[in-house]
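I have placed the structure first, in the form of structure tokens, so that the comments after it can refer back to it.
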Amino acid sequence: MNPIKALKGFKDLLPGESARWESLASVLRECFHAFGFSAIQTPILERTQLFTRSIGETTDIVEKEMYTFEDWDGKPVTLRPEGTASVVRAFLEHGLAIPSFPTKLYYYGPMFRHERPQAGRLRQFHQIGAEIIGESDPRQDVELLSLLTYFFQRLEIEGLTLEINSLGCAVCRPPYRTVLESYFKEGLPELCEDCQRRFKTNPLRILDCKKEGCKAMVDQAPVSSDHLCEECETHFKAVQAGLDLLKIPYVLSPLLVRGLDYYTKTAFELTTKDLGAQNAVAAGGRYDGLAEALGGAATPAIGFAIGIERVMQLYGKSKSAAPKLKLFIAPLGEAAGELLFPVLNEVRKKKIWTEMGKPSLALKRQMKQADRLGAEFVLILGDREREEGKAILRDMRTKAQSELVLENLVDVLANRLT
RNA sequence: GUGAGUGUAGCUCAAUGGCAGAGCACUGGUCUGUGGCUCCAGUGGUUGAGGGUUCGAUUCCCUUCACUCACCCCA
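Adding 1113 to a residue's 1-based position in the first sequence gives its number in the working numbering.
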């Protein structure tokens, strides 16, 4: 025996869990609709180019984590590692822009990254994302963050920290990067191996290093929020003012950076202390240059993505109000089985969850099954009852039994059980 | 990609270089056609796989696979 198992990092969503996902999804839908977002579903498979252009050629995601392969026509395609690029692609492709008002979209679905699995990190994982496209006003940043924090309030998940930063834009980021490079260049030999590598690929990421040796240097490093251009500075201040106005708590994190190249200006992360190493529950930011990078008209936008598996770990275990079996039908003997099979079928159509035991099994066995399934009522019918034209209905909780006539049995049951 | 830990019954886990164990679950009885609770009995194992050391390995060693955690990365 060598049973086939799921791939590493790919998980089955089992019945117990799926009820909780449903309940999360319904809360989510409510929140999104109230904030004016419409659902969008994009394909899971896209041209590889879409991601290399948007996420960035030298990011870890693109360099070593994407599921990329040749399609039958020889062209490279990729299982989406994130959702924003596809949403923006669809926005441009279908002309979803609304005149003088931002387009607000949300999505929900699986993402794929070939990483080594660990707590809170899978190869196929699920994200809920929201994007506001076509508006540069800082009020949109605030609205989006309000939605994000409201969502977690509704789920009654506490102990989260909203960290925000500004990464600057095409005008002020390159000079800042130069300043940062010259700063780290002096002490380069003292940095850890990873940071030496980062120095070449993406010096901003050094700010993210958790190693003690690097921290001393990082603490003194110039931060992006001190090197913003006037426009970015004003924008960042306005976002903070807006958050204050809505009484949304946040902390400024000058060292917060993002792993995807397309982010500009506002960047944020929602973190928890309850999940081990993978502490980011949601994250996002503004990406004013992305639409242009994908070949569309310059379109400012901002969005976030929430890691569903990570949220589920925080989401109350008790939330799964699994539906209870209402009626178990216990026929004794084949004749009873034939009489009751149509009853089973009709009662179900009355929207009552009903199951039926095997007629050949002893009543004791069937009662036990009914108990296991958590049945509220059991309908018993053997030869004796059949001759009298009756059936027994037992209330499993009170043990009270009553007789029902077989005529109109379905209607009588429907009345008694609803 | 790097490092560490763990693989024993369906599940959760014990144990010892010398016959493989418990709890839960399952099946039957206790209880003639009535579930849960009690008590009793029973089923269930190539100790992840392969090799080595040994009279003898589940235990020690090597290889391999799987899972887990951390690094990394990120949601």
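Note that CB positions come from ideal geometry on N, CA and C, so glycine has one too.
May I ask you to report which of helix, strand or coil DSSP gives serine 1295? Counting from 1 along the first sequence, the entry for residue 1295 is found at position 182. In the structure shown, serine 1295 sits in a helix (DSSP, three-state: H, G or I).
According to the Cβ coordinates, are tyrosine 1296 and alanine 1334 closer than 8 Å? By one-based count along the first sequence, residue 1296 stands at place 183. By one-based count along the first sequence, residue 1334 stands at place 221. Going by C-beta atoms, tyrosine 1296 is nearer than 8 Å to alanine 1334.
Does the separation of the CB atoms of phenylalanine 1490 and lysine 1437 fall below 8 Å? Residue numbering aside, residue 1490 sits at position 377 when the first sequence is read from its first letter. Residue numbering aside, residue 1437 sits at position 324 when the first sequence is read from its first letter. Result no, Cβ atoms of phenylalanine 1490 and lysine 1437 do not sit closer than 8 Å.
Based on Cα-Cα distance, which residue from Val1201, Ser1213, Ile1153 lies nearest to tyrosine 1220? For this step, residue 1220 is matched to residue 107 along the first sequence. Here the closest residue by C-alpha is Ile1153.
Are glycine 1398 and isoleucine 1421 touching if we call contact CB-CB under 8 Å? Working through the first sequence from its first residue, we reach residue 1398 at position 285. Working through the first sequence from its first residue, we reach residue 1421 at position 308. No, they are not a contact pair.
Hey, leucine 1526 and lysine 1503: beta-carbon distance below 8 Å or not? In the first sequence, counting from the first residue as 1, residue 1526 sits at position 413. In the first sequence, counting from the first residue as 1, residue 1503 sits at position 390. Cβ atoms of leucine 1526 and lysine 1503: not closer than 8 Å.
Can you give the beta carbon distance from isoleucine 1246 to threonine 1216, rounded, assuming they're within the 8 Å contact cut? For the purposes of this step, residue 1246 is taken as the residue at position 133 of the first sequence. For the purposes of this step, residue 1216 is taken as the residue at position 103 of the first sequence. Yes, they are in contact, since the Cβ atoms of isoleucine 1246 and threonine 1216 sit about 5 Å apart, within 8 Å.
Distance between threonine 1274 and valine 1140 (C-alpha atoms, nearest Å): Mapped onto the first sequence, residue 1140 falls at position 27. Mapped onto the first sequence, residue 1274 falls at position 161. Distance between the alpha carbons of valine 1140 and threonine 1274: 21 Å.
Threshold first: 3 residues or longer. Then list the beta strand (DSSP E) segments lying entirely within the stretch 1300 to 1376, N to C. none
Whose C-beta lies closer than 7 Å to the C-beta of valine 1255 among residues of the same chain, with five residues either side of it excluded? As a working note, residue 1255 is residue 142 in the first sequence. If we look at valine 1255 and ignore the five residues flanking it on each side, its Cβ neighbours are Val1352, Gly1355, Leu1356, Leu1359.
Can you tell me whether tyrosine 1428 is helix, strand or coil according to DSSP? Here the question's residue 1428 lines up with position 315 in the first sequence. Of the three classes helix, strand and coil, the one that applies to tyrosine 1428 here is coil, per DSSP.
Given a cut-off of 8 Å on the beta-carbon distance, is the pair tyrosine 1428 and alanine 1406 in contact? Position 315 of the first sequence holds residue 1428. Position 293 of the first sequence holds residue 1406. Not in contact: tyrosine 1428 and alanine 1406 (Cβ atoms no closer than 8 Å).
For leucine 1261, the first and last residue of its enclosing alpha helix (DSSP H): By 1-based counting over the first sequence, the position of residue 1261 is 148. Note, leucine 1261: alpha helix (DSSP H), 1251 to 1267.
Just to confirm the assignment: which complete alpha helix (DSSP H) runs, minimum length 4, are found wholly within the stretch 1381 to 1464? 1403 to 1406, 1421 to 1427, 1447 to 1462
Serine 1131 and isoleucine 1277 look like a contact to me (Cβ under 8 Å); what is the Cβ gap, rounded to whole Å? For the purposes of this step, residue 1131 is taken as the residue at position 18 of the first sequence. For the purposes of this step, residue 1277 is taken as the residue at position 164 of the first sequence. Their Cβ separation, rounded to whole angstroms, is 34 Å, which puts serine 1131 and isoleucine 1277 out of contact at 8 Å.
Do you know how far the Cα of tyrosine 1263 is from the Cα of glutamate 1159? Against the first sequence, residue 1159 aligns to sequence position 46. Against the first sequence, residue 1263 aligns to sequence position 150. Computed Cα separation, rounded: 32 Å.
Which residues bound the beta strand (DSSP E) around asparagine 1278? Looking up residue 1278 in the first sequence gives position 165. Where asparagine 1278 is concerned, the enclosing beta strand (DSSP E) stretches over 1273 to 1279.
Between the beta-carbon of arginine 1226 and the beta-carbon of leucine 1163, is there less than 8 Å? As a first step, residue 1226 is located in the first sequence; it is residue number 113 there, counting from the start. As a first step, residue 1163 is located in the first sequence; it is residue number 50 there, counting from the start. Taking 8 Å as the Cβ cut-off, arginine 1226 and leucine 1163 do not qualify as a contacting pair.
With a threshold of 16 other CB atoms inside 10 Å of the CB of valine 1364, please say whether the residue is buried or exposed. Your numbering for residue 1364 matches position 251 in the first sequence. Counting Cβ neighbours within 10 Å, valine 1364 comes out exposed, since fewer than 16 surround it.
Counterpart residues of serine 1151 in DSSP-defined beta bridges: As a position in the first sequence, residue 1151 is number 38, starting the count at 1. The partner list for serine 1151 (beta bridge, DSSP) reads Leu1218.
With burial defined as no fewer than 16 other Cβ atoms inside 10 Å of the residue's Cβ, what is the status of proline 1302: buried or exposed? Sequence index remark: in the first sequence, residue 1302 carries index 189 (1-based). By the neighbour-count rule (16 or more Cβ atoms within 10 Å), proline 1302 is not buried but exposed.
Does the stretch 1284 to 1291 come within contact of the stretch 1334 to 1349, defined as at least 3 CB pairs closer than 8 Å? yes
Using DSSP's beta-bridge definition, name the partner residues of aspartate 1508. The residue you call residue 1508 lines up with position 395 of the first sequence. For aspartate 1508, which the question treats as bridged, DSSP gives the partners Phe1490.
Runs of 3 residues minimum, wholly inside the stretch 1178 to 1215: which ones carry the beta strand (DSSP E) assignment? 1180 to 1183, 1189 to 1192
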